[in-house]
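Shown next, in structure tokens, is the structure this report addresses.
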Amino acid sequence: MGLLLLLTSTLLFSSFHSGTALNADLKITSVDLSVEPSDEVSRGTNVTLRCKGKVLTSRMDALIRVYTISKDDVVIYNKTTSSSEDFLYHLPEARVSNNGKYRCRMHMMGEEMGSQAVRLSVTGMSTPILQLSKAIVTEGEAVNATCLAPGETGSILFNFYDGSKDIDKMGQSSNPVMFRPKGVGDHVIRCSYSVFVMPDKFSSPQSNAVNLTVKELSVGPVLTISPQDNVYEGDALKITCSVNDSMKDYPDALLLLSQGDTLLNSGNTFVHANWIVQATGPELNVVCRLYVRSAEKVAMKTVSVTELFSVPILQMSPSEVFQGDSIRLTCTSRILSYDKLGGEPLIYRLESLTDNMTQANGIFVFKAKKIDFNYTCTVVAKGIKKKSNVLAINPKVPVSAPKISVHGSAILGKELNISCLSETGTPPITYTLWKNNKQDNTVVVQEFHKPAMFTVLVSEPEQLHEYFCRASNGNREPELSDKLRTAVIVPMTKAYLMVLPTSGDISEGHSVTLICSFTGTPPVTVGWYRESDSNSLNLTTTKINTTSYTFILSKKHSDKYYCKAQNRANFVESNRVELEVGMAKWKKLLISGTVILVVSSLVMMGCVLFIRSRRGERKPSAELSVKPASPKSDDSLTVTLTHGTEVYNAATGSLCFFSSFSLCVTYRLLSAFII
């Protein structure tokens, strides 16, 4: 078993290795396709497609080549050969059906390559030949036509012509096509063909002309009408439609008797009709038709007819009505043949007749409905019935009293839109704006529930109270609105800021009141501002023309102040008032006392230091005479210094030798204190 597996593996490996070596020894380098003698030839030329493949190989044995020829991507030929010569594909006597794009593809031992596409164009087509089975035929008789396209191949479609007109017959082969020529006389028949090479179509010239004679049928219809003169509506006419004696040769004939589009009767050999005339015009055309095979023979007669009465006309009065109004409909025939009627009355009827409707001699009276409706009337006499036109009645909805209002705010000196609207009413509605009983402007509205808009200039505060509007949509009394009750906003014109108190000490801790006065329609929103800060100090809304704001002052409140007043029209800013906030009195006293205390302390310290320094410098010979520690008021105080400076008792008025008076006084006080 192991030996068998080893042999099988060896054979498979040898086969695989041999195949791999063969592919490695062969390479197709190019495949070229050419057309001989040219890629553009005339019909009948022998064309050869030459496919040349180049191969690189180290093998010496003959290699199998497989060639494939395709036209418009459809394979038309395969060839297997061991020859290394060029492969030739022949198209003998080329036709237009050979037009197209050709390719050649070569396969060799697992290698494959295709050529570029080459287009072949063949021009010229053979002239078709027409043959007819008969040269003379009778009306309705069929003819077989055969159109030949000698030598042509491919998908062919044939066309036939009678003179310049196409015959509605086509054939896809040269088999005979049957058709029936129309009309008596001589006909010239031709044919042509087309070759389809998708997506193109190639058309041939027309064939030879073949003459065809069509003879008239010897049979024809006979039409008789009695009476034919002085005919009125309602008269009975006797009409017959028949054929002549030759009918026996055409047993499959058909007779049709008609008036206008109405078929009165039909048959094979004889047709009769008793017809009550009803005029659709001043003349009636009666036709008798005979059909034999596909041939048609016609006999026609015209009968003049006098109307017994004309088509009635339905009219409404009044021409415009509202829901619930009384309507009068009149149905009349304007033309009457009194002699022919012989006193017979006309009977008028109104369709959709209701119980609440009265009628007399074509006059109908009733109340208009709440919806749209249509009416027609009919008139009947001597068996003749005629219907009137359709009358559409569209009752209107009356307008309601309009409401007048303004859009936006009414501001003095600016334009304002005033609207006027009726909640109900059929358009078109005419709205008129009035001022003091004088017409100001008019607007016609064509849509439901759409207000009329008027633009006015507000020039006076009380002007708007003079406006009202009027609405109308027909011949009824117009509806009036109330007068406009909208207040006019007077814009802010100026503002003035005043400060209380107006004079005196404006210092910290005191209260100050800012008073803002202005002119303009309230409500007015007032804000107080500092020039150094865009945020308001306070906002308030008032209905009077003055308001105030009080606050306690601090040093940081020193600034320029103003107020801003705003209503629904605009805003204004006041004048600027500057506040300089002074220091509080207790702060002034505190600062003054502090300054005095500090200065005094500094002076005393200086004096002490000065006296001590003087003592340190005193000589031993210096003599100081001092009175008792508790001298009386008249006791004197004598101080003798080394340098002869003497200080006397203040009560004695003795002189002080110090240069500064204050220093001298201080010195005396300190001396007394020290002693």
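When the letters of the sequence shown are read in order and numbered with mature numbering (1 follows the signal peptide of the UniProt record, and there is no 0), they come out as residues -21 to -1, 1 to 654.
Each residue gets a CB set at the ideal place from its N, CA and C atoms; glycine is no exception.
Values in this document were obtained by computation on a predicted structure and should not be read as measured data.
### Task
Within its chain, find whatever has a CB closer than 6 Å to the CB of F181; leave out the 5 residues flanking it on each side and keep chain order.
Against the sequence shown, residue 181 aligns to sequence position 202. Same-chain partners within the cutoff: V75, V174.
### Message
Tell me whether the region 236 to 254 and the region 339 to 346 touch, counting them as touching only if at least three CB pairs, one residue from each stretch, are closer than 8 Å.
### Response
no
### Query
In its own chain, which residues sit with a C-beta less than 8 Å from the C-beta of I326, not counting the 5 before and 5 after it?
Residue numbering aside, residue 326 sits at position 347 when the sequence shown is read from its first letter. So the qualifying residues of the chain are V358, V359, A360.
### Message
Spatial neighbours of residue 666 within its chain, please: C-beta separation below 6 Å, excluding the five flanking residues on both sides.
### Response
This structure cannot speak to residue 666, because the chain is shown only from -21 to 654.
### Task
Give the secondary structure of I168 by DSSP, where H, G and I count as helix, E and B as strand, and everything else as coil.
Counting from 1 along the sequence shown, the entry for residue 168 is found at position 189. Residue state, collapsed to three classes: strand.
### Message
Quick check: the Cα distance between P501 and T529, rounded to an integer number of angstroms?
### Response
Working through the sequence shown from its first residue, we reach residue 501 at position 522. Working through the sequence shown from its first residue, we reach residue 529 at position 550. Their Cα atoms are separated by approximately 22 Å.
### Query
Does the region 242 to 261 come close enough to the region 213 to 222 to have 3 or more Cβ pairs within less than 8 Å?
Verdict: yes, contact present.
### Query
Candidates S379, S537, R29, P107: which alpha carbon is nearest A96's?
Your numbering for residue 96 matches position 117 in the sequence shown. Ranking S379, S537, R29, P107 by Cα distance to A96 puts R29 first.
### Query
Which residue spans inside the region 294 to 350 form an unbroken beta strand (DSSP E) run of at least 3?
305 to 311, 326 to 329, 337 to 339, 342 to 346
### Task
With 9 Å as the threshold, decide whether the Cβ of T311 is near any Cβ in chain D.
Among the chains of the structure shown, chain D does not appear; only one protein chain is present.
#### Entry: Identified DSSP bridge partners for N353
For the purposes of this step, residue 353 is taken as residue 374 along the sequence shown, with counting starting at 1. Its beta-bridge partners are A371.
### Query
Using DSSP with H/G/I as helix, E/B as strand and the rest coil, what is Q425?
For the purposes of this step, residue 425 is taken as residue 446 along the sequence shown, with counting starting at 1. If DSSP states are grouped into helix, strand and coil, Q425 belongs with coil.
### Query
Would the beta-carbon of K382 fall within 9 Å of that of L395?
Within the sequence shown, numbered from 1, the residue matching residue 382 stands at position 403. Within the sequence shown, numbered from 1, the residue matching residue 395 stands at position 416. Between K382 and L395, the gap from beta carbon to beta carbon reaches 9 Å or more.
### Query
If you follow the beta strand (DSSP E) that S496 is part of, which residue opens it and which one closes it?
As a working note, residue 496 is residue 517 in the sequence shown. Residues 490 to 498.
### Task
Give every residue of the same chain whose Cβ lies closer than 8 Å to the Cβ of L67, excluding the five residues on either side of it in the sequence, and list them in chain order.
Working through the sequence shown from its first residue, we reach residue 67 at position 88. Closer than 8 Å at the Cβ level, and outside the excluded window around L67, lie T27, L28, R29, C30.
### Task
Mind checking which residues open and close the beta strand (DSSP E) that includes R509?
Indexing the sequence shown from 1 puts residue 509 at position 530. Unbroken beta strand (DSSP E) run through R509: 503 to 509.
### Query
Going by Cα to Cα distance, which pick from D214, N454, V424, S511 is closest to L558?
Taking the first residue of the sequence shown as 1, we reach residue 558 at position 579. Taking only the C-alpha atoms, the option nearest L558 is S511.
### Task
Assign R591 to one of three DSSP states: helix, strand, or coil.
On the sequence shown, position 612 is the one that residue 591 refers to. It is helical.
### Message
Tell me the rounded alpha-carbon separation between S571 and V577.
### Response
Stepping through the sequence shown from its first residue, residue 571 is reached at position 592. Stepping through the sequence shown from its first residue, residue 577 is reached at position 598. In this model, S571 and V577 are separated by some 10 Å (Cα to Cα).
### Task
Evaluate residue 664 with the Cβ neighbour count: other Cβ atoms within 10 Å of its Cβ, from every protein chain shown; 16 or more gives buried, anything less gives exposed.
It is not possible to answer for residue 664, since the shown part of the chain is limited to -21 through 654.
### Message
V422 and L436 - do their beta-carbons sit closer together than 9 Å?
### Response
The residue given as residue 436 occupies position 457 in the sequence shown. The residue given as residue 422 occupies position 443 in the sequence shown. Against a cut-off of 9 Å, the Cβ pair of V422 and L436 comes out as no contact.
### Query
What first and last residue would you give for the beta strand (DSSP E) that runs through K194?
Position 215 of the sequence shown, counted from the first residue, corresponds to residue 194. 189 to 194 is the extent of the beta strand (DSSP E) around K194.
### Query
At which residues does the beta strand (DSSP E) containing M157 begin and terminate?
Here the question's residue 157 lines up with position 178 in the sequence shown. Per DSSP, M157 belongs to the beta strand (DSSP E) from 156 to 158.
### Query
DSSP three-state call for M432: helix, strand or coil?
Locating residue 432 in the sequence shown gives position 453, counting from the first residue. Residue state, collapsed to three classes: strand.
### Local Cβ density within 10 Å of Q545, reported as buried at 16 or more and exposed below that
Within the sequence shown, the letter at position 566 stands for residue 545. By the 10 Å Cβ count, Q545 comes out buried.
### Query
How is the beta strand (DSSP E) around D231 delimited, first residue to last?
As a position in the sequence shown, residue 231 is number 252, starting the count at 1. Premise fails: D231 is in no beta strand (DSSP E) and is neither H nor E.
#### Entry: Cβ pair count under 8 Å reaching 3, the region 493 to 500 against the region 537 to 554
Segments in contact, yes.
### Query
For S186, which residues of its own chain have a beta-carbon under 7 Å away from its beta-carbon, when the five flanking residues on both sides are left out?
Within the sequence shown, residue 186 is the residue found at index 207, counting from 1. If the five residues before and after S186 are omitted, its C-beta is found closer than 7 Å to the C-beta atoms of T106, P107, I108, L109, C126, R169, C170, S171, all from its own chain and listed in chain order.
### Task
Compute the Euclidean distance between the alpha carbons of T285 and V198, then round it to the nearest angstrom.
Sequence index remark: in the sequence shown, residue 285 carries index 306 (1-based). Sequence index remark: in the sequence shown, residue 198 carries index 219 (1-based). Cα to Cα, the separation comes out at about 35 Å.
### Query
For the beta strand (DSSP E) that A544 lies in, which residues bound it at each end?
Taking the sequence shown and counting its residues from 1, the one referred to as residue 544 is at position 565. 538 to 545 is the span of the beta strand (DSSP E), which, as asked, contains A544.
### Task
Could you name the residues of the same chain whose beta carbon sits closer than 8 Å to that of I43, not counting the 5 residues immediately before and after it, in chain order?
Working through the sequence shown from its first residue, we reach residue 43 at position 64. T59, T60, S61, M87, M88, listed in sequence order.
### Message
Contact defined as beta carbons within less than 8 Å: I believe F433 pairs with N415. What is the distance between those atoms, to the nearest angstrom?
### Response
Stepping through the sequence shown from its first residue, residue 433 is reached at position 454. Stepping through the sequence shown from its first residue, residue 415 is reached at position 436. Taking the Cβ atoms as the reference, F433 lies roughly 15 Å from N415, outside the contact range of under 8 Å.
### Message
For the ligand FAD, is there any heavy atom lying closer than 8 Å to the beta carbon of N209?
### Response
In terms of ligand content, the structure shown is empty, and the ligand FAD therefore cannot be addressed.
### Query
According to DSSP, which residues form a beta bridge with M149?
Within the sequence shown, residue 149 is the residue found at index 170, counting from 1. Note: M149 sits in a beta bridge opposite N138.
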